Amino acid sequence: MLGIVRQKMLEQSLKKIPPAVSVLRSYSSAAKQMTIRDALNSALDEEMSADSKVFLMGEEVGEYQGAYKITKGLLDKYGPERVLDTPITEAGFTGVAVGAAYYGVKPVVEFMTFNFSMQAIDHIINSAAKTNYMSSGQISVPIVFRGPNGAAAGVGAQHSQCYAAWYASCPGLKVLAPYSSEDARGLLKAAIRDPDPVVFLENELLYGESFPVSDEVLDSSFCLPIGKAKIERKGKDVTIAAYSKMVGYALKAAETLEKDGIDAEVINLRSIRPLDRSMINASVRKTNRLVTVEEAFPQHGVGAEICASIVEESFAYLDAPVERIAGADVPMPYAANLERMAVPQVEDIVRAAKRTCYRSESREIDSQHCGGRS
Amino acid sequence: MATAFSPSKFAAQPFPLNTTSQNNPLTIPTIASPFLGSTRKLIRLCSSSNLNLRRRSGTVVAVSDVVKENKSKSTPNLLITKEEGLELYEDMVLGRAFEDMCAQMYYRGKMFGFVHLYNGQEAVSTGFIKLLKQQDSVVSTYRDHVHALSKGVSARAVMSELFGKTTGCCRGQGGSMHMFSREHNVLGGFAFIGEGIPVATGAAFTSKYKREVLKEVDCDHVTLAFFGDGTCNNGQFFECLNMAALWKLPIVFVVENNLWAIGMSHLRATSDPQIYKKGPAFGMPGVHVDGMDVLKVREVAKEAIGRARRGEGPTLVECETYRFRGHSLADPDELRDPAEKAHYAARDPITALKKYLIENNLTSEADLKAIDKKIDEVVEEAVEFADESPVPPRSQLLENVFADPKGFGIGPDGRYRCEDPKFTEGTAQV
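Read top to bottom, the protein sequences are chains D and P.
Number 371 in full-length UniProt numbering belongs to position 371 of the first sequence; there are no gaps in the numbering.
Number 149 in full-length UniProt numbering belongs to position 149 of the second sequence; there are no gaps in the numbering.
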């Protein structure tokens with residue numbers, strides 16, 4: 001966390017100089033810094049100017065400039081016909097967007113947080129995800145559902161759930177979870193251009209973080225492939241697979257582990273559905289140990305799916321049981337110290353990695369952060 | 001409000017936002033309580049025989065003012081021409097014959113799952129859909145066979161779909177409740193009630209978007225959303241009434257009020273059973289029309305669709321109709337009063353149209369019989385076609401999940417799964 005705070009302060013004054021802190025991340029020639037917010041805003045802007053069929057719909061996306069300022073400036077640029085402020089009616093406007101998508105226009109629906117998408121989940125699953133199949137290819141639904149997902153800071157149980165696992169279990173949907181600005185830009189552009197329904201899970205706490213971006217990323221035709229994960233840090237001792245904010249934690253854990261002589265490989269999943277099983281398996285076959293990290297509830301989560309995939313395909317390569325790090329199996333508490341305990345921290349990842357390397361003492365300390373092992 | 005439906009609640013002119021419908025002085029004064037929440041009241045009211053009949057009398061119910069003017073002129077001004085009349089008749093007979101054949105096929109085991117039949121409600125489908133162009137769209141519920149047929153999907157395609165064959169309109173992947181046709185702009189077929197209404201609102205939104213943003217100036221496509229009385233208590237219905245009126249979308253909300261939602265009577269479920277009144281609350285006109293009379297429905301439909309095409313916004317049309325069969329073929333239909341059923345059977349829309357055509361010398365019995373025979377042959381042929389069609393091949397299971405099949409992800413060999421030649425054979429592991 002300290003690294004990020006420091007970076008934000010440096011960002012203003014040291015924009016032109018390749019920041020010293022970026023040595024921690026293995027990006028190439030990082031000349032420019034870009035926040036996730038700017039990355040998303042620029043991606044939306046470029047896609048909207050390239051294709052007049054793309055339009056935005058959501059609560060407060062227009063005059064308020066976006067509940068989290070992601071859509072800032074777009075109303076002025078494209079007008080109220082393409083940036084629509086909706087009434088507070090998730091089920092209604094999601095259905096309206098899906099119906100519009102049936103006709104080939106490309107809505108980008110913003111949920112203020114994905115918790116509110118539960119009111120609209122019928123349309124996301126039944127009207128959007130399943131339609132191409134039910135109509136046998138006659139009607140495709142080129143729609144993007146985006147918004148912040150997962151825990152924020154002190155917002156309580158009803159505003160903190162992570163929906164990656166729920167949406168990723170449904171065929172017909174593509175589910176993406178970016179981590180860095182490069183991910184955010186590339187994946188959002190790919191999502192908008194994609195002819196299928198895409199659930200784009202952002203993270204509120206990452207919006208203000210900046211990441212180095214290369215010129216290639218800033219190009220308006222930059223796009224990342226859906227379904228491919230990224231190795232953020234190469235290693236040989238243990239694989240740590242994570243998505244969204246947890247990738248940042250995993251990278252920090254990797255630094256700590258390095259001091260203890262454990263060389264961790266960090267995989268940024270990027271795409272929860274389809275899951276890049278081949279990359280994860282290839283990595284585990286190299287390192288023989290796996291730790292999955294997610295912020296969500298442990299049962300039936302993304303980590304469980306990865307674990308099952310490894311056991312099915314690379315069982316003989318495992319030298320230790322797979323460790324699942326997930327959020328605590330409780331609705332998110334409000335008190336700050338409880339909230340900290342309910343979400344994985346860097347130390348938990350470090351401990352789990354050490355356990356897979358048989359370097360750790362005992363398991364009991366970690367019971368509240370270890371998925372199903374309570 | 002177990003009293004007679006007050007007729008004439010429609011204003012063809014732009015509707016002033018604050019007007020509410022006036023109560024007709026003909027309402028029966030004895031049972032004036034607007035709240036029918038308690039079952040006790042319901043029992044007391046229902047004990048009087050013919051209660052339902054009195055409440056939904058066969059006398060003149062709401063028609064638009066424009067139509068009333070027409071009728072007050074001399075009779076040579078008929079509502080339809082001979083060609084139109086025969087077209088309407090043929091469409092309704094097709095709907096009826098098709099649904100009857102569905103029932104037969106279901107009991108013979110050729111059709112399975114949930115099948116919801118439309119017998120008795122043909123006037124609504126025919127009255128509305130026959131006024132549409134090909135590019136206009138229709139969104140329906142699970143009771144969608146006849147909507148698809150009226151819109152132009154061939155009987156063969158619908159029957160094959162019901163049999164689950166690969167020649168069906170959705171190649172057997174949709175089924176009875178999910179009829180889609182891109183060519184005829186039938187946008188389904190939704191199993192959840194209320195689910196189709198926002199989708200229809202979205203289709204209407206696209207029509208407006210195309211005109212205003214994409215600059216296709218002659219785009220005046222209208223969308224019809226069909227749904228039932230039970231749906232009118234669902235939140236999505238109200239959300240869409242609001243948005244459609246707010247953004248003046250070219251949509252007509254057609255309520256097929258057949259009084260029953262499976263076994264739940266509309267009166268037991270709704271605080272104010274007069275659904276058309278919910279339109280003005282959101283700033284759009286609300287009309288009530290006799291849904292057993294195709295000509296009346298057609299007149300109201302002309303107004304409503306015309307309004308939408310001209311850009312004047314949405315309309316809510318409540319069609320009082322009845323389904324002669326149960327909710328679905330699995331419904332024993334024990335709760336409905338036989339007297340009520342008999343009352344509506346006497347108002348069969350097909351018989352009524354037949355009577356109208358013959359009495360007004362638009363056609364002869366022989367012509368109509370010829371149409372009946374032709375339709376029987378069409379339906380028989382559809383069944384034969386469906387019978388002989390092949391079932392979907394194994395490779396079809398994984399098709400069409402995504403428009404871009406890269407969505408299946410990357411296989412163990414590092415390439416996209418969809419590029420594996422075995423993928424479409426259905427033998428690749430997914």
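In this text, a Cβ means the ideal position worked out from N, Cα and C, and glycines have one as well.
Bear in mind the structure is a predicted one, so any value in this text is a computation, not a measurement.
Cα-Cα separation between alanine 328(D) and threonine 141(P), rounded to whole angstroms: 42 Å
Within chain P, partners of arginine 82(D) - CB distance below 8 Å: Val213
Three CB pairs or more closer than 8 Å across the stretch 101-119 of chain D and the stretch 52-66 of chain D: yes
CB-CB length for leucine 329(P) against tyrosine 89(P), believed under 8 Å: Not quite, the Cβ-Cβ distance comes to about 26 Å (not below 8 Å), so this is no contact.
Paired residues, beta bridge with phenylalanine 55(D) - DSSP: According to the DSSP secondary-structure assignment, phenylalanine 55(D) is paired through a beta bridge with Pro107(D).
Contact set between the stretch 135-156 of chain D and chain P, restricted to residues whose Cβ is under 7 Å from the partner: Ser135, Ser136, Gly137, Gln138, Ile139, Ser140
Residues bridged to valine 198(D) [DSSP beta-bridge criterion]: Val144(D), Lys174(D)
Proline 405(P) versus tyrosine 322(P): straight-line alpha-carbon distance, rounded: 44 Å
Minimum Cβ-Cβ distance from isoleucine 226(D) to chain P less than 8 Å: yes
Reduced DSSP category for phenylalanine 163(P) - H, G, I as helix; E, B as strand; rest coil: helix
3 or more residues per run - each beta strand (DSSP E) lying fully within the stretch 242-274 of chain D: Counting whole runs of 3 or more residues, the stretch 242-274 of chain D contains the beta strand (DSSP E) stretches 264-268, 271-273.
Cβ neighbours of arginine 298(P) in the same chain (closer than 6 Å, five flanking residues each side left out): Gly127
Assigned exposure category for cysteine 357(D) - 16 Cβ within 10 Å defines buried: buried
Residue interval of the beta strand (DSSP E) (run including aspartate 387(P)): Where aspartate 387(P) is concerned, there is no enclosing beta strand (DSSP E), although the alpha helix (DSSP H) it sits in stretches over 365-388.
Beta strand (DSSP E) runs contained entirely in the stretch 170-254 of chain P, provided each spans 3 or more residues: The qualifying runs are 223-228.
Three-way DSSP call (helix, strand, coil) for serine 47(P) in this model: Note that serine 47(P) has pLDDT 44, beneath the 50 cutoff, so the model's placement of it is unreliable and the number below is only indicative. Reduced to three states, the DSSP call for serine 47(P) is helix.
Assigned secondary structure, residue 375(D) (DSSP; H/G/I helix, E/B strand, else coil): Chain D is shown from 1 up to 374; residue 375(D) falls before or after that span and cannot be answered.
Backbone CA spacing between leucine 224(D) and leucine 316(P) [nearest angstrom]: 46 Å
Selection of the stretch 394-409 of chain P by Cβ proximity to chain D, strictly under 9 Å: Gln396, Glu399, Asn400, Val401, Phe402, Ala403, Asp404, Lys406, Gly407, Phe408, Gly409
Local conformation of asparagine 281(D) per DSSP, three classes: helix
Cut-off 7 Å between Cβ atoms - residues of its own chain near glutamine 161(D), not counting five sequence neighbours on either side: Asn115
Chain-ordered residues of the stretch 230-244 of chain P with a beta carbon less than 7 Å from chain D: Contacts with chain D (Cβ-Cβ distance below 7 Å) from the stretch 230-244 of chain P involve Gly235, Gln236, Glu239, Cys240, Asn242, Met243, listed in chain order.
Rounded separation between glutamate 265(D) and leucine 117(P) - CA only: About 59 Å.
Alpha-carbon to alpha-carbon, serine 395(P) and lysine 110(P): 23 Å
Bounding residues of the alpha helix (DSSP H) (the contiguous stretch that carries threonine 356(D)): 346-356
First through last residue of the alpha helix (DSSP H) which encompasses methionine 48(D): Segment 36-50, the alpha helix (DSSP H) holding methionine 48(D).
CB contact check: tyrosine 209(P) to chain D, cutoff 8 Å: yes
Boundaries of the beta strand (DSSP E) in which threonine 292(D) is found, first to last residue: 290-293
C-alpha gap between asparagine 70(P) and alanine 91(D), whole angstroms: Confidence in asparagine 70(P) is poor, its pLDDT being 42 and thus under 50, which makes the residue's placement too unreliable to answer from.
Selected residue, minimal CA-CA separation from residue 397(D), among Asp45(D), Asp260(D), Tyr243(D): Given a span of 1 to 374 for chain D in the structure shown, any question on residue 397(D) remains unanswerable.
DSSP state of arginine 324(D) mapped onto helix, strand, coil: strand
Range of the contiguous beta strand (DSSP E) that encloses histidine 288(P): 286-290
Per-residue contacts from lysine 174(D) into chain P (C-beta, under 8 Å): Phe402, Gly407
Segment limits, beta strand (DSSP E) that includes valine 401(P): Note, valine 401(P): premise wrong, no beta strand (DSSP E); not H, not E.
For methionine 264(P), the residue or residues it bridges with in DSSP: By DSSP's assignment, methionine 264(P) forms a beta bridge with Ala261(P).
Segment contact, 8 Å Cβ cut-off, at least three pairs: the stretch 183-203 of chain P with the stretch 88-104 of chain D: yes
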